[in-house]
Every structure is written in structure tokens, then in C-alpha cells.
Amino acid sequence: MTIAERQKQPDPRERSERREARAWAWAVSATPIGPLLLAATDEGLVQVVFHAEEKTAAEAVARLTRRLGAEPTSLPSASLRPASPAVTAPAVTAPASAAALPVARCTEQLGEAIRQVESYFAGDTKAFTLPLDWSLITGFNRRVLRELAAHVPYGTVVGYQDLADRVGEPGAARAVGVAMGSNPLPVVVPCHRVVESGGGIGGFGGGLETKRTLLALEGVLPQPLF
């Protein structure tokens, strides 16, 4: 079986994806690299979308609606922004029924994701501590992204070949690049930290200027002069 085929093949060690409709919520956060759409289920952050202006956001929401099998939860934006990590909105802490628990949980997950992403861009958060919902990606791609998230910290980079070696696939450097391009959780799962072994910056789904900005934020590259 080729690496390309393995990228599409679910890992037997992984939990199979749930097929039933799932509660989820989304919001757009303004950041130095443009608007980011963040979406969360009751399990955790499920997707981050770059350049989430109105058209891109609408397309992303439509895709997620199809994949998760349900329309997103619509709640006041205030419920997504607790005054502090210890304080949550009443809609989150006091659901009306057991059926409302997943809705409350995904809203809580989304609010915490917004808080940590904003803290990251402010230079305060160096490591995300968010539950992640990996259900939008499987197989080899998921294994590579999990390795990246767990073992390539803030302010460091890794080569495509090195990452392939780390997951026991030394011939899969090119496939690692494909996995980075399929990352549903950029910034939080830091595919911007994956670069060419020869010193080149490599590609990036959010655009090379976005990649340079993220690496400059983390001190890997100098800040742009203009």
C-alpha cells in the first residue's frame, strides 16, 4: 500500500468517527493574520479556517454542517467570552436539559479556544491546552499531525523529513507535506513550524506571508520591516 493510500486509510487504533448529527458552534476571531473561523464540538476544537471573510466563512460553515450532520448552534456572542477562565456564562453552566448538554459543552469549548487564540497572538500563550476533536482527519495524516502537536513546541521548527522519521515513515517526507495541507486545525496544530530540511520556509495553506508572520511571532524569523 502506498503512502497516498495510507493517508486515506483509517488507522485501526483510532476510534471510528461518529456518524450521528453532532452539536457544534463557530465564531470568527479577528487576529493579526486576518479573521480566523474557529469551530468546536462537545469534544473540542474541530476546525480553524484562515482568511474567514464573509464568503469563506459561509463556505466553511456549509462544509462543516454537511460533515457534522447538523446546523451550528446559534448563541449570543457574550456566551463565548467568559470574563475569566473561572467564570462562564449561565447558558454554559446551567443547561435546561440533558439534551442541551452537548450544546453547552461545544459553546464552552469554543469560548476557551477563542480566549487561548487571542492570548497566543498577544504573545502570552506559548502552548495551547485545548481539547481537540480529530474527527475531520484520519490515518497517516492524523498520526503526523498528532506528533506535530505533541512534540514541536513554540519557537521551534521541524523538517518534513524529520517529521516523517518521527512517525516511522522515512520515505514519506512528501506525504508529510500533504498532511500539513490537510490540517483542519492550523495555528493550534502548528503546521507553520514545518519547514524544508534545506532551510527553505516550505509551503503553507494559509499563504507564505501568514506562515512568516506566525514564525516571526514565535521568534523563529525576524519581524517584517513593513
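Numbering-wise, the numbering used here comes out as the position in the sequence shown, counting from 1, plus 3. All C-beta atoms in this analysis are idealised placements derived from N, C-alpha and C, irrespective of residue type, glycine included. Predicted, not measured: the structure shown is a model, and the values here were computed from it.
C-beta contact flag for T68 and C109 at 8 Å: Residue mapping note: residue 68 aligns to position 65 of the sequence shown, counting from 1. Residue mapping note: residue 109 aligns to position 106 of the sequence shown, counting from 1. No.
Residue burial classification, P225 (beta-carbon count within 10 angstroms, cutoff 16): One-based indexing of the sequence shown puts residue 225 at position 222. Exposed, because fewer than 16 other Cβ atoms sit within 10 Å of the Cβ of P225.
Where the alpha helix (DSSP H) containing T213 begins and where it ends: Taking the first residue of the sequence shown as position 1, residue 213 is located at position 210. From DSSP, the alpha helix (DSSP H) with T213 extends over L211 to L220.
Nearest residue (CA-CA) to G202, options V179, V223, P187 and L41: Within the sequence shown, residue 202 is the residue found at index 199, counting from 1. Checking every option, the nearest Cα to that of G202 belongs to V223.
L220 versus F124: straight-line alpha-carbon distance, rounded: Along the sequence shown, read from residue 1 onward, the residue named residue 220 stands at position 217. Along the sequence shown, read from residue 1 onward, the residue named residue 124 stands at position 121. If I take the Cα positions, the gap works out to 8 Å.
Cβ contact (3+ pairs, closer than 8 Å) linking the segment 133-141 and the segment 181-189: Yes, since at least three Cβ pairs between the segment 133-141 and the segment 181-189 fall closer than 8 Å, the two stretches touch.
Cβ neighbour criterion (16 or more within 10 Å) applied to P193: Taking the first residue of the sequence shown as 1, we reach residue 193 at position 190. When all chains shown are included, P193 counts as buried.
The segment 149-158 touching the segment 104-121, judged by at least three CB pairs closer than 8 Å: The answer is no - the segment 104-121 does not touch the segment 149-158, with fewer than three Cβ pairs under 8 Å.
Local conformation of G174 per DSSP, three classes: Numbered from 1 along the sequence shown, position 171 holds the residue referred to as residue 174. It is coil, neither helix nor strand.
Length at least 4, wholly inside the segment 26-87: the alpha helix (DSSP H) runs in chain order: Counting whole runs of 4 or more residues, the segment 26-87 contains the alpha helix (DSSP H) stretches 57-71.
Straight-line Cα distance separating T216 from G210: Indexing the sequence shown from 1 puts residue 210 at position 207. Indexing the sequence shown from 1 puts residue 216 at position 213. C-alpha separation (whole angstroms): 10 Å.
Selected residue, minimal CA-CA separation from G2, among G126, L133, T128 and D127: Residue 2 lies beyond the stretch modelled for the chain, which goes from 4 to 229, so this question has no answer here.
Bridge partners - G162, DSSP secondary structure assignment: Taking the sequence shown and counting its residues from 1, one reaches residue 162 at position 159. Residue pairing of G162 in beta bridges, as defined by DSSP: V198.
Top-ranked residue by Cα proximity to A60, from G162, V31, E212 and T44: On the sequence shown, position 57 is the one that residue 60 refers to. The shortest Cα separation from A60 among G162, V31, E212 and T44 belongs to V31.
L135 - DSSP class collapsed to helix/strand/coil: Within the sequence shown, the letter at position 132 stands for residue 135. The answer is strand: DSSP assigns L135 an E or B state.
DSSP-derived helix/strand/coil call for E23: Start at 1 with the first residue of the sequence shown, and residue 23 comes out as number 20. Note: E23 maps to coil in three-state DSSP.
Short Cβ contact (8 Å threshold) for V147 with V170: Reading the sequence shown from its first residue, position 144 is the one you call residue 147. Reading the sequence shown from its first residue, position 167 is the one you call residue 170. Yes.
Cβ-Cβ separation, A63 to R25 (assumed contact under 8 Å), whole Å: To locate residue 25, count along the sequence shown from 1; it is residue 22. To locate residue 63, count along the sequence shown from 1; it is residue 60. For R25 against A63, the beta-carbon gap comes to about 16 Å, at or over 8 Å, which does not count as contact.
Nearest-angstrom Cα separation, counted from A55 out to A130: Counting from 1 along the sequence shown, the entry for residue 130 is found at position 127. Counting from 1 along the sequence shown, the entry for residue 55 is found at position 52. A130 and A55: Cα-Cα distance of roughly 23 Å.
G126 in three-state terms, based on DSSP: Within the sequence shown, the letter at position 123 stands for residue 126. Coil, per DSSP.
Sub-8 Å separation of G174 and E199 beta-carbons: Along the sequence shown, read from residue 1 onward, the residue named residue 174 stands at position 171. Along the sequence shown, read from residue 1 onward, the residue named residue 199 stands at position 196. In this structure, E199 does not lie closer than 8 Å to G174 by Cβ.
Simplified DSSP assignment, three categories, for G203: Working through the sequence shown from its first residue, we reach residue 203 at position 200. In the displayed model, G203 falls within coil according to three-state DSSP, outside both helix and strand.
Between the CA atoms of G208 and A167 - distance to the nearest angstrom: Within the sequence shown, residue 167 is the residue found at index 164, counting from 1. Within the sequence shown, residue 208 is the residue found at index 205, counting from 1. Using only the alpha carbons, I get a separation of about 19 Å.
Spatial distance of D127 from R177 (CA atoms): Position 124 of the sequence shown holds residue 127. Position 174 of the sequence shown holds residue 177. Straight across, the Cα-Cα distance linking D127 with R177 is about 34 Å.
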